[in-house]
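Structure, as structure tokens:
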Amino acid sequence: MNKIKRPIAVAVAGFAALGIMTGCAGQSPSRDEAPATELMPAQGTGGTAADSVAGPAPEFGPPQAPRPVEKRDVVKTASMTLTVPDPSSAADEAAVIVERADGRVDSRSEDAGSGSGRAVTSIVLRVPVAKLDEVMRQLKTLGTVETATTAADDVTGQRVDLDARIRALQTSVDRLLAIMRDAGDPDALIKAEDALSERQAELDSLR
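So the sequence shown is numbered by our numbering: it starts at 38 and just counts up by one.
Written as structure tokens, this is what we have:
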């Protein structure tokens, strides 16, 4: 008796920082491109060809330094829909695949299909971006692939904003600690402690 196959939806996300070279080092002209130095015989007696050289020797400036490598933060997101006999078991296998790739399960939801008669399991996985392709390849072996997509999103601007916010919060925490050390008024100390707790909690949530 054939088993009825049911779908499982899988979403996989990976993160990476990619270096993009925005410029290249300047190069001196090659030998074929360099202007030729022409030797001319000297006028008059006693002269030799070596006594006179027409034109000054070409001068080349120092090579230009390469531009710095610009670090970009890229998020890769992949999604896949598989049809399998047992969605719950397939989700368990997917979790094992991800854990072996140093990833984790972010969320999982299951619908037994009591109303529609079609069970569905959705699972969101997170893996290192370098292992995303291999994880996707292994996930495809769990069943029949119905859909599979991969997308990349440059989030460098968000990372820059986040770094600036973290620095500002850290500065605020340091100032509050200094206030607490020098506070002679109990009320001022309590207010500083309350503010410090809020700033520290916000800082921890961003890291």
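Using N, Cα and C, we set each Cβ at its ideal position, and we do this for glycine too. All of these numbers come straight from a predicted model, not from anything done at the bench.
Coarse secondary structure for residue i, derived from DSSP in three states
i, result
"R155", "coil"
N-terminal and C-terminal residue of the alpha helix (DSSP H) that residue i is part of
i, result
"A232", "223-243"
"T208", "193-219"
"D129", "124-137"
"V172", "169-176"
Inter-residue Cα distance where the pair is residue i and residue j
i, j, result
"S116", "R196", "24 Å"
"E230", "D224", "10 Å"
"R145", "A131", "11 Å"
"K228", "L179", "57 Å"
"L206", "R236", "6 Å"
"P165", "S242", "21 Å"
"Q22", "A156", "Residue 22 lies beyond the residue range present for the chain, which begins at 38 and ends at 244; the question has no answer from this structure."
"R141", "L169", "12 Å"
"K177", "E147", "20 Å"
"R244", "I203", "8 Å"
"D219", "L213", "10 Å"
"L240", "E183", "42 Å"
"I41", "E136", "Legend: pLDDT at I41 = 48, less than 50; position of this residue unreliable, value from coordinates given subsequently. Rounded to whole angstroms, I41 to E136 spans 28 Å at the Cα level."
"S238", "T120", "The displayed chain sequence assigns Ala, not Ser, to residue 238. Whole-angstrom Cα-Cα distance: 43 Å."
"A232", "T208", "13 Å"
"R109", "G194", "9 Å"
"S234", "D198", "23 Å"
"A201", "D222", "32 Å"
"M173", "S126", "17 Å"
"L226", "I216", "8 Å"
"R163", "A185", "16 Å"
Whole-Å CB distance - residue i paired with residue j, under 8 Å assumed
i, j, result
"D143", "V161", "4 Å"
"V192", "V112", "5 Å"
"A138", "E171", "7 Å"
"T158", "P124", "4 Å"
"A188", "T114", "5 Å"
Run of the beta strand (DSSP E) containing residue i, from where it starts to where it stops
i, result
"V142", "141-148"
Where residue i falls, given that 16 or more other Cβ within 10 Å makes a residue buried
i, result
"T181", "exposed"
"A167", "exposed"
"D211", "exposed"
"M58", "Bear in mind that the predicted position of M58 carries a pLDDT of just 27, short of 50, making it unreliable; the figure below should be weighed with that in mind. By the neighbour-count rule (16 or more Cβ atoms within 10 Å), M58 is not buried but exposed."
heavy atom of the ligand MN below 8 Å from residue i C-beta
i, result
"V192", "In terms of ligand content, the structure shown is empty, and the ligand MN therefore cannot be addressed."
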